[in-house]
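As you go down the protein sequences, you meet chains A and B in turn. Counting along the first sequence from 1, when you hit position 92 you're at 92 in the UniProt record's numbering, and nothing is skipped either side. Counting along the second sequence from 1, when you hit position 128 you're at 128 in the UniProt record's numbering, and nothing is skipped either side.
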Amino acid sequence: MGSKFGMAGGIPERRVRPIWDAIDSRQFKTALKSSATLLSKFPNSPYALALKALILERMGKSEEALSVCLRAKELLYTNDSILMDDLTLSTLQIVFQRLDHLDLATSCYEHACGKFPNNLELMMGLFNCYVREYSFVKQQQTAIKMYKIVGEERFLLWAVCSIQLQVLCGNGGEKLLLLAEGLLKKHIASHSLHEPEALIVYISILEQQDKYGDAFEILSGKLGSLLMIEVDKLRIQGRLLARAGDYAAAASIFQKILELCPDDWECFLHYLSCLLEDDSSWCNGAISDPIHPPKCVNCKFSHLTDELFDSRISDASAFVQKLQAEANNDCARGPYLANLEIERRKHLFGKGDDDKLLEALMQYFFRFGHLACFTSDVEVFFQVLTPGKKMELVEKIMKRCDSDSHSTVPTKVLGQSITLFKVQEEIGNVFKVPVSEIEGSAVKMAEIYCKNLPLSKDLDPQESMHGEDLLSMACNALVQLFWRTRDLGYLLEAIMTLEFGLTIRRYVWQYKILLLHLYSHLGALSAAYEWYKSLEVKNILLETVSHHILPQMLISPLWVDLNNLLKDYLKFMDDHFRESADLTFLAYRHRNYSKVIEFVQFKERLQHSNQYLLARLEAPILQLKQNADNIEEEEGILDSLKCGVHFLELSSEIGCKSLTFNEDLQSRPWWTPTSEKNYLLGPFEGISYRPTENLTKERETNVRTVVEGRSLLPRMVYLSIHCASASLKENIETNGSTSNTATSSELKFLLERYARILGYTFSDAIEVVLGVSSGRKSSEAFSSDIVDWVTFAVFLNAWNLNSHELGLPYGDGCKPGTWHIVDSLLEKYIREKVRSMGPLICSPGSDLPVLVQLVTEPLAWHGLVIQSCIRSSVPTGKKKKKSGSADQSHSPLSHAIRDSIQSLCGTLEEVTEMVERTDQQVRE
Amino acid sequence: MTTIRRFCCNDLLRFTSVNLDHLTETFNMSFYMTYLARWPDYFHVAEAPGNRIMGYIMGKVEGQGESWHGHVTAVTVAPEYRRQQLAKKLMNLLEDISDKIDKAYFVDLFVRASNMPAIKMYEKLGYVIYRRVLRYYSGEEDGLDMRKALSRDVEKKSMIPLKRPVTPDELDLQY
Chain A
1 MGSKFGMAGG IPERRVRPIW DAIDSRQFKT ALKSSATLLS KFPNSPYALA
51 LKALILERMG KSEEALSVCL RAKELLYTND SILMDDLTLS TLQIVFQRLD
101 HLDLATSCYE HACGKFPNNL ELMMGLFNCY VREYSFVKQQ QTAIKMYKIV
151 GEERFLLWAV CSIQLQVLCG NGGEKLLLLA EGLLKKHIAS HSLHEPEALI
201 VYISILEQQD KYGDAFEILS GKLGSLLMIE VDKLRIQGRL LARAGDYAAA
251 ASIFQKILEL CPDDWECFLH YLSCLLEDDS SWCNGAISDP IHPPKCVNCK
301 FSHLTDELFD SRISDASAFV QKLQAEANND CARGPYLANL EIERRKHLFG
351 KGDDDKLLEA LMQYFFRFGH LACFTSDVEV FFQVLTPGKK MELVEKIMKR
401 CDSDSHSTVP TKVLGQSITL FKVQEEIGNV FKVPVSEIEG SAVKMAEIYC
451 KNLPLSKDLD PQESMHGEDL LSMACNALVQ LFWRTRDLGY LLEAIMTLEF
501 GLTIRRYVWQ YKILLLHLYS HLGALSAAYE WYKSLEVKNI LLETVSHHIL
551 PQMLISPLWV DLNNLLKDYL KFMDDHFRES ADLTFLAYRH RNYSKVIEFV
601 QFKERLQHSN QYLLARLEAP ILQLKQNADN IEEEEGILDS LKCGVHFLEL
651 SSEIGCKSLT FNEDLQSRPW WTPTSEKNYL LGPFEGISYR PTENLTKERE
701 TNVRTVVEGR SLLPRMVYLS IHCASASLKE NIETNGSTSN TATSSELKFL
751 LERYARILGY TFSDAIEVVL GVSSGRKSSE AFSSDIVDWV TFAVFLNAWN
801 LNSHELGLPY GDGCKPGTWH IVDSLLEKYI REKVRSMGPL ICSPGSDLPV
851 LVQLVTEPLA WHGLVIQSCI RSSVPTGKKK KKSGSADQSH SPLSHAIRDS
901 IQSLCGTLEE VTEMVERTDQ QVRE
Chain B
1 MTTIRRFCCN DLLRFTSVNL DHLTETFNMS FYMTYLARWP DYFHVAEAPG
51 NRIMGYIMGK VEGQGESWHG HVTAVTVAPE YRRQQLAKKL MNLLEDISDK
101 IDKAYFVDLF VRASNMPAIK MYEKLGYVIY RRVLRYYSGE EDGLDMRKAL
151 SRDVEKKSMI PLKRPVTPDE LDLQY
């Protein structure tokens, strides 16, 4: 913290150091005391004030801290003789940032830089402020100024990165890239380049403008020597040549890389693509989703003549033979897998030979079949085989396995038998064989597992053991049997198998994930959540792994656990957004420019996460659910949520942005490839085991609908409470105010939107609700959206209390308006669910979540409407008495409310009885 | 059949199956990103066909004078891809970068004194136990500081084991 001549912020360092020491050791009281002494000596020192503010902020006294900071800022602005150094400003900056006032820190630096235009240190501080604000244009301007002052390469690159960010993440046009290129060219002409990362950025600027030839030339020239790792340079060169369409040259570069790294699979694919003049992997948008890249590259080479294709393929084969001959260790799978890829391409060109592919697969099996990754390695090659050929492959492997059991290493024999099971699972064979056969193989898997336990006796209990996959596969088979037969016993056996596995080895995450989904399906969510917790999901895994449990928890009554889940997740994300800019600046400082771009893009990716969006909505909705029994508390929460307005903005905000899906779906069980799908709920039909590749589009539409509906909720709750109370006051005072009209028309507007989400116009939606509640229409009109429809009815009633637009007849004589619609719908559906509910254990995939939602959402919201009515109708204080309000207790509205309360009580009693009954069953 | 390339942020969203493993720590974001921002050449990932993440290595280069060295912070391989010498490949890469690009004297790493499988693996890769660090892991378990000399340390001075164990405080003083 010291600076020149033992001074810090214009104060002798010996006076400041004890304060910093106290802060560092969290002795804030001591620090504050020393700071007071310091201020008595230097009352007008902005640095001394900044220190005080820092201490106050750490003590949690935000407001005091802010006012001290503002005083320091004022001094900086008004007193010309005051020292304005980076130490003072950066200390202020820390406090302003923690107080969420980045803008104030920026204006301090802006002011300082205006006063001392050539002070590099201050300008770096200002640049840092703009990095924190993601103001790319201002970053660029500041960096250029610094570059002009000292001419250093790094400041030029800061400017170039800022330009690139404008193009990639802002609204910058591509012409800016030309500017960046020009700046770099000019600098290189006079100073050359000295940092490898600077060269990488230069290349990427050219690449973004499709100037592949220029980029290649630069890389091959003197500057190319900046890249010390030869293979890295070759990779870029190959890519540039391929993108420029010079396939022959690109192929020879990739060949060179393969000679250096024969096991580089991606490089082999590029090599082959270039030989076959196929640009699919180079086209823009070839990899549209970097998180879920396609498992295999698409291919197109229809323009090649037969002869040319044959000759190129034979070149490739010859090269692969050479690589295989030279491969001196047994672990390099690349050269062997390359043969398979060549056969696959031949297939795609229409010149495939099934027998050759089969033979190549067999060879690969005998070399690498014992490895756990065999099946995933060859997955894409199965896809070109017909079902008949796939079966033939399995039979051939089995026969060869039986006939020449040449391997005597027990772990290898075990590995091969596991692979054989996996191959059968992979090709979807298991969906066609008879039940008894599947049962048999599940038993066999478990037996092999048990028999081979001794192989792992010397392994550390935390290590993964031999044959672990067998129990996962046995579970998969048992769940399939359940799907086919609906025999619950299979599901229970699957659970017991996994629980057994976890008794042997406590840490097998694959078992835990399967188990948590099985328990979820059975409705045993607490057990599911316990296993989820044991995965110890934290940090970035919260983004990729939470999907295993979050959707179930959102519709469960486990509110405390759900609250923790949401809180931890949101904290992680928000913390990252807070610190991400500082890390970006760190990358700037360490001259790792490519990381600057990467960090900013990554932050954006997380900010657009669909899960993050949902969590931001569900966390406050959960609060509303938890407090719906007390209208005062509910109003407090609504206040803190700005009456729900913010959420309406949120949903319109995402309208124009694309959402990101960062969930790791690979780890999900086969029967639920995404959280929206669960095959076990439907009838048995064969499926391919693996989740289909691109589910993102489908999921995006779905998420948008969900988000839109949920984002309306807090505001509708708020408006409903107001409509209800206004309706009563109106009755009393008979002078409808304009604010009531506004409330009511806003609620109507939201109801119209809600109806649209349900797929209806407002008036049609009212028709549906009326029809179903009166029994004129069947419940099927609601399809699977019961909860949403009942919610619609609840808010419709609240709106109608005030607007009376629905001139409905007074129901059965005394019920005014729309109360009876809500009553009858809640009664009907909640009772229906309660009565149809058998013992939970016997009815996996039951309606319990729907029942929970009905009770905790529409019913709870309706309860709030009632509470609001009652509160407004009960005279409070003297004023009401004086006005001599007419006794409301006999009005039709009071009757309706009373009936509604009675109906709710009756419904809830049934739910309570059911819960008690279930509880007793569980105890027994 | 492994493509080894620089680790990038998006890989954080793809390494789930590696990191769910009980023995692999998932650090906080600023930890990973500090490594990426400062030592991107020391953070590599291995990919299998189908773009699956097989494993990764993260490390740094630090120290002064003859203590200038590469350090392995974490190396991990997904269960599916074990027993294929992938860890060895990743280690060799980091050693290479420390040796050729940064001209470091040695590479070191810390391992739990109880983690015999790992210690044996590192010994096979040419590392020796340089010293024991008392209660290095959360103040409980001892750590072993293992080292391998690089070409710049011609006499392999950096590898001569210390006779007595050190405390974590003494480590801090050294670099």
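Positions of the beta carbon are idealized from the N, C-alpha and C atoms, including for glycine. Please read all numbers here as calculations on a predicted model, not as lab measurements.
Using the Cα positions of residue i and residue j, report the straight-line distance between them to the nearest angstrom.
i, j, result
"A:Glu230", "A:Leu272", "21 Å"
"A:Glu753", "B:Ala87", "According to the sequence shown, residue 753 of chain A is Arg rather than Glu. About 56 Å."
"A:Glu909", "A:Cys169", "56 Å"
"A:Tyr109", "A:Leu102", "11 Å"
"B:Lys148", "A:Leu502", "38 Å"
"B:Tyr32", "A:Ser34", "37 Å"
"B:Asn92", "A:Gly334", "19 Å"
"A:Ser534", "B:Thr24", "14 Å"
"A:Phe431", "B:Ala78", "29 Å"
"A:Lys175", "A:Pro262", "41 Å"
"A:Thr375", "A:Ala360", "14 Å"
"A:Leu223", "A:Ile654", "44 Å"
"A:Arg367", "B:Gln84", "13 Å"
"A:Ala105", "A:Leu92", "7 Å"
"A:Asn128", "A:Gln209", "28 Å"
"A:Ser441", "A:Ile830", "43 Å"
"A:Thr741", "A:Lys748", "10 Å"
"A:Phe116", "A:Ser90", "16 Å"
"A:Glu266", "A:His466", "29 Å"
"residue 926 of chain A", "B:Leu20", "Outside the displayed span of chain A (1 to 924) sits residue 926 of chain A, for which this structure offers no information."
"A:Glu767", "A:Ile549", "37 Å"
"A:Gly771", "A:Thr791", "16 Å"
Within the same chain, show all residues whose beta-carbon is closer than 7 Å to that of residue i, passing over the 5 residues directly before and after it, in chain order.
i, result
"A:Val95", "Ala50, Ala53, Leu54, Glu57, Ala65 and Cys69"
"A:Leu728", "Cys869, Ser872 and Ser873"
"B:Arg131", "Asp145, Pro161, Leu162, Pro165 and Val166"
"A:Glu827", "Ser903 and Thr907"
For my contact list, residue i and residue j are in at a C-beta cut-off of 8 Å; report their separation, rounded to the angstrom.
i, j, result
"A:Glu543", "A:Gln462", "About 25 Å separates the two Cβ atoms, so there is no contact after all."
"B:Val18", "B:Trp39", "Between B:Trp39 and B:Val18 the Cβ distance is about 20 Å, and since that is not below 8 Å, they are no contact."
"A:Leu358", "A:Glu392", "7 Å"
Take residue i and list the residues in its own chain whose beta-carbon comes closer than 8 Å to its own, dropping the five residues that flank it on each side.
i, result
"B:Arg152", "Asp99, Lys103, Ala104 and Tyr105"
"A:Phe684", "Trp483 and Arg484"
"A:Glu152", "Met146"
"A:Ile637", "Pro620, Gln623, Leu624 and Asn627"
"A:Gly709", "Tyr754, Ile757 and Asp788"
"A:Lys256", "Leu234"
Can you find a heavy atom of the ligand MN that lies under 6 Å from the Cβ of residue i?
i, result
"A:Gly213", "The ligand content of the structure shown is nil, which means the ligand MN is not present either."
Who are the Cβ neighbours of residue i in its own chain at under 6 Å, not counting the five residues just before and after it?
i, result
"A:Glu536", "none"
Contact list for the segment 219-247 of chain A against chain B, Cβ threshold 7 Å: Met228
Under 9 Å (Cβ pairs) to chain B, residues found in the segment 537-571 of chain A: Val537, Lys538, Asn539, Ile540, Leu541, Glu543, Thr544 and Val545
Every unbroken alpha helix (DSSP H) within the segment 459-531 of chain A, with a cutoff of 4 residues, ordered by chain: 469-485, 488-504 and 509-522
The segment 126-146 of chain B: positions lying closer than 9 Å to chain A by Cβ: Nothing from the segment 126-146 of chain B brings a Cβ to less than 9 Å from some Cβ of chain A.
Under 8 Å (Cβ pairs) to chain B, residues found in the segment 373-394 of chain A: Cys373, Ser376, Asp377, Glu379 and Val380
Entirely enclosed alpha helix (DSSP H) segments - the segment 54-119 of chain B, minimum 4 residues: 86-96
Contact list for the segment 45-75 of chain B against chain A, Cβ threshold 9 Å: Glu47, Ala48, Pro49, Gly50, Asn51, Arg52 and Met54
Complete runs of the alpha helix (DSSP H) confined to the segment 781-868 of chain A [at least 4 residues]: 786-803, 819-836 and 848-856
Beta strand (DSSP E) runs wholly inside the segment 121-166 of chain B, at least 3 long, in chain order: 128-137 and 141-149
Members of the segment 24-46 of chain B that neighbour chain A once the beta carbon cut-off is set at 7 Å: Residues of the segment 24-46 of chain B whose Cβ lies closer than 7 Å to any Cβ of chain A, in chain order: Thr26, Phe27, Asn28, Met29, Ser30, Met33, Thr34, Leu36, Ala37, Arg38 and Pro40.
Against chain B: residues of the segment 650-668 of chain A by CB proximity under 8 Å: Asn662, Asp664, Gln666 and Ser667
Every unbroken alpha helix (DSSP H) within the segment 71-106 of chain A, with a cutoff of 4 residues, ordered by chain: You should have 86-98.
Contact residues within the segment 495-513 of chain A, judged by C-beta distance below 7 Å to chain B: Tyr507 and Trp509
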